[in-house]
């Protein structure tokens, strides 16, 4: 996904889900090799999907709440483990169910 300013995207993510969660994403030692994304970049992509369907507050809660579709882990934990596609799919399904 094209980004005008990745730093602004990270700052927006920090404002919504908090520094602690984004710091964990930023220090995770994984990369989506197919898309060459970091966990922070993947989280921003997921945030953009959610923002099309739910409020920023609901999206922020989703990132830090255990999700059944992610085997009971939070999206932040799943992203730090490299499960980018699983988190993206879980976000799409959850967001669609909110509408």
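Residue numbers (this note's numbering): 10 to 108. Just so you know, even glycine gets a beta-carbon here, dropped at the ideal spot from N, CA and C.
query	result
First through last residue of the alpha helix (DSSP H) which encompasses residue 95	93-107
Inter-stretch contact at 8 Å, needing at least 3 Cβ pairs: the segment 42-56 / the segment 88-102	yes
Residue burial classification, residue 18 (beta-carbon count within 10 angstroms, cutoff 16)	buried
Outcome for residue 32 when other beta-carbon atoms lying within 10 angstroms are tallied against a minimum of 16	exposed
Own chain partners of residue 25 with C-beta closer than 6 Å, once the 5 adjacent residues on each side are dropped	65, 69
Residue 79 to residue 98 span [Cα, whole Å]	10 Å
Collapsed DSSP secondary structure at residue 40 in the structure displayed	coil
Opening and closing residue of the alpha helix (DSSP H) in which residue 174 lies	The displayed coordinates of the chain run from 10 to 108. Any statement about residue 174 would go beyond what the structure contains.
Pairwise C-alpha distance: residue 74 and residue 10	Any reading at residue 10 is ruled out, since the residue's pLDDT is 45, under 50, leaving its predicted position unreliable.
Backbone secondary structure at residue 47 - three-state DSSP	coil
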